[in-house]
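Engineer: For the sequence shown, the residue numbers in the working numbering are 433 to 890. Here a beta-carbon is modelled for each residue, glycine too, at the ideal position from N, C-alpha and C. Remember, predicted model here, so these are calculated numbers, not experimental data. First, the structure itself, so that you have it in front of you.
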Amino acid sequence: MATLKEKIGYGFGDMSSSMFWKIFSYYLPFFYSNIFGLSLADAGLLMLITRIWDAVSDPMMGVIADRTHTKWGKYRPYLLWIAAPFAIAGILLFTTPDMGPTGKLVWAYVTYILMMTVYTAINVPYGAMLGVMTDDSNTKTVFSSYRMFFAYGGSFIALGAWEPLCNWFKSMDFTEAGSWQYSMIVIALFCFCGFLLCFSMTREHVQSKVENASIGKDIQSLVKNSPWWILNGAALMSNFFNTVRGATAAYFFKDYIAANAVLDFGAFNLVLYAGLFLMVGEVCNMIGVALAVPLSMKFGKKPTYILSLIALVGFSVLFFFLPNNGFGWWMMMLLQIIISICTGIISPLVWSMYADVADYAELKDGSASTGLIFSSGSMAQKFGGAIAGWAVMALLAAFGYNTAEGAVQTPEALDGLKYLMSFIPAGIAAVSILVLMVYPLDKKRMESINSQLKAVRK
């Protein structure tokens with residue numbers, strides 16, 4: 433029986449990952465183009481090209497983790513080994529060196545590749561732990577929900593603290609670039625501690641009967657695993673959806689929303705800015721995570737996932753038609769609440785479904801390649817973020833967005849920002865629905881798979 437301590441401990445791991453990931457996804461494009469000094473084209477190309485290495489490193493890390501044997505287990509020790517490199521790489525990523533344009537571009541490529549490599553080295557084993565902490569499909573969803581609840585909690589802290597931290601360091605006479613670097617040092621310390629807590633509070637309980645399988649057999653099983661291909665497509669689209677909206681928010685609030693935008697509460701006014709918008713989203717993601725378990729228990733994971741996507745399509749389209757005034761600002765926040773609840777429901781379902789795919793592979797082919805399968809989840813997350821980051825930059829350039837300090841944006845650029853917050857994410861969610869319709873591992877089939885695996889593992 434899984435303990436509350438283990439569930440909380442498992443949550444600390446993704447709290448640490450997500451604090452970094454959300455800053456990377458939502459603020460790194462803005463950092464590269466408006467502070468570090470890269471052009472939109474260079475920044476977008478950087479985020480796309482570096483994913484070629486990720487296409488190799490994620491499955492490679494999965495294979496390595498599957499074949500790791502220590503007194504702490506297969507996957508858990510990486511939380512201890514990689515925690516410090518993870519924190520250091522994040523700090524280097526947000527460091528602006530005193531170099532010329534070519535030197536800075538090289539620095540950006542090196543530090544970005546380093547960060548994603550270290551992220552892979554800790555996040556792939558962390559994700560794979562879900563497959564060996566329990567052998568029950570429903571309990572995996574509970575673990576996954578704790579994971580995502582803590583992840584969104586960490587994101588809330590990071591996004592809420594980011595701009596105030598940057599402003600505080602600037603008030604201490606740091607440069608703009610220096611304030612971003614020192615803000616990341618603060619976040620990195622929190623992430624380091626979170627991974628150590630995750631390591632100390634969790635255990636691996638499930639021991640597969642499949643031992644010493646060849647890499648070739650694992651890869652062959654993976655290639656023939658149709659649910660894995662389908663889930664990868666759906667996961668890619670989900671991350672694409674989140675990153676497009678999140679990465680656009682900093683630009684949207686800087687240039688589209690009026691400078692004096694406030695939410696009028698009567699007795700007081702609350703300034704509306706990107707950080708607040710994203711923070712509210714993280715809190716509502718947590719509400720969605722809490723709803724994921726009861727909804728998936730009642731309707732099944734796949735139907736719950738699809739219904740959430742349908743809601744994302746409709747409410748994202750509505751976002752485009754909101755006016756840029758007091759009423760519109762309130763409605764933007766309302767739609768952000770609803771959209772974020774829906775994305776929060778989806779997040780734990782994805783990781784729980786990867787655990788189901790791993791069980792399906794073990795029963796079908798006798799291949800316990802849990803780490804390799806979960807590495808695809810990390811890879812889908814990175815590819816979704818990379819493609820979205822590149823697409824946002826490319827579309828901003830196509831819409832004529834001007835990155836110069838104090839630039840007044842054209843009507844076409846402002847409309848482009850609205851499209852990136854509405855119709856474009858809606859289209860991504862619609863594609864995800866089509867992909868998920870053919871996913872075969874429904875509730876009834878997983879009950880049969882779990883029952884057969886319990887007999888095999890005895």
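So, at 6 Å on beta carbons, what are the nonlocal neighbours of PHE462 in its own chain, with the 5 sequence-adjacent residues on each side left out?
Structural biologist: ALA682
Engineer: Since ASN701 sits in a beta bridge, which residues does DSSP pair it with?
Structural biologist: ASP696
Engineer: From the DSSP output, which residues share a beta bridge with GLY532?
Structural biologist: The partner list for GLY532 (beta bridge, DSSP) is empty, contrary to what the question assumes.
Engineer: What's the C-alpha gap between GLY648 and ASN882?
Structural biologist: The C-alpha of ASN882 is placed about 25 Å away from the C-alpha of GLY648.
Engineer: GLY838 by DSSP, collapsed to three states: which one?
Structural biologist: coil
Engineer: For GLY505, which residues does DSSP report across the bridge?
Structural biologist: THR502
Engineer: Helix or strand or just coil, what does DSSP make of GLU879?
Structural biologist: helix
Engineer: Closest by CA to SER732, which one among ASP788, LEU460, ILE770?
Structural biologist: Note on residue identity: the sequence assigns Gly, not Ser, to residue 732. When only C-alpha atoms are compared, the closest one is ASP788.
Engineer: Which of helix, strand or coil does DSSP assign to PRO872?
Structural biologist: In the three-state reduction of the DSSP assignment, PRO872 falls in the coil class, being assigned neither a helical nor a strand state.
Engineer: Less than 9 Å between the beta carbons of ILE467 and ALA620, yes or no?
Structural biologist: no
Engineer: Are the beta-carbon atoms of TYR551 and SER615 separated by less than 9 Å?
Structural biologist: Cβ distance not < 9 Å, so TYR551 and SER615 don't count as in contact.
Engineer: Can you list, in chain order, the stretches of the alpha helix (DSSP H) that have 4 or more residues and sit fully within the segment 522–588?
Structural biologist: 533–560, 562–565
Engineer: Okay, do the segment 745–752 and the segment 594–614 touch, 3+ Cβ pairs below 8 Å being the bar?
Structural biologist: Cβ pair count under 8 Å is below three, so no.
Engineer: Indicate whether ARG635 and ARG499 have their beta-carbon atoms separated by less than 9 Å.
Structural biologist: no
Engineer: Using the three-state DSSP reduction, which class does ILE769 fall into: helix, strand or coil?
Structural biologist: In this structure, ILE769 counts as helix in the three-state DSSP scheme.
Engineer: Cβ atoms of LEU436 and TRP783: under 9 Å apart, would you say?
Structural biologist: no
Engineer: Identify whether SER779 lies in helix, strand or coil by the three-state DSSP scheme.
Structural biologist: helix
Engineer: Near ILE554, which residues of its chain fall below 6 Å by C-beta distance, leaving aside the five closest residues on each side in sequence?
Structural biologist: TYR510, ILE514, PHE518
Engineer: Assign GLY505 to buried or exposed, taking buried as 16 or more other Cβ atoms, counted over all protein chains shown, within 10 Å of its Cβ.
Structural biologist: GLY505 is classed as buried because its beta carbon has at least 16 other beta carbons within 10 Å across all chains shown.
Engineer: Would you tell me roughly how many angstroms separate the C-alpha atoms of GLY443 and ALA839, rounded to the nearest one?
Structural biologist: Each residue's alpha carbon lies about 42 Å from the other.
Engineer: Is the number of C-beta pairs between the segment 474–489 and the segment 560–580 that are closer than 8 Å three or more?
Structural biologist: With the cut-off at 8 Å, the segment 474–489 and the segment 560–580 do not touch.
Engineer: Give me the Cα-Cα distance between PHE581 and ASN717, rounded to the nearest whole angstrom.
Structural biologist: 8 Å
Engineer: Since ALA724 and LEU781 should fall inside the 8 Å C-beta cutoff, what is the C-beta to C-beta distance between them, to a whole number of angstroms?
Structural biologist: 6 Å
Engineer: Report the three-state DSSP secondary structure of LYS814 (helix, strand or coil).
Structural biologist: helix
Engineer: Helix, strand or coil, according to DSSP, for SER910 in the structure here?
Structural biologist: Nothing can be reported for residue 910, as the shown portion of the chain is limited to 433 through 890.
Engineer: Assuming THR736 is part of the alpha helix (DSSP H), what are its boundary residues?
Structural biologist: Per DSSP, THR736 belongs to the alpha helix (DSSP H) from 733–752.
Engineer: For a test of the three-state rule: what should DSSP assign to SER611, helix, strand or coil?
Structural biologist: helix
Engineer: So what does DSSP say about MET604, is it helix, strand or coil?
Structural biologist: coil
Engineer: Just the C-alpha distance for THR835 and PHE855, rounded to the nearest angstrom, thanks.
Structural biologist: 23 Å
Engineer: Counting C-beta neighbours from all protein chains within 10 Å, is the total for ASP605 16 or more, i.e. buried, or is it exposed?
Structural biologist: exposed
Engineer: Mapping the DSSP letters down to three states, classify SER471 as helix, strand or coil.
Structural biologist: coil
Engineer: Check this for me: beta carbons of ALA858 and VAL703, under 9 Å apart or not?
Structural biologist: no
Engineer: Between LEU795, SER489, MET531, which has its C-alpha nearest MET878's C-alpha?
Structural biologist: LEU795
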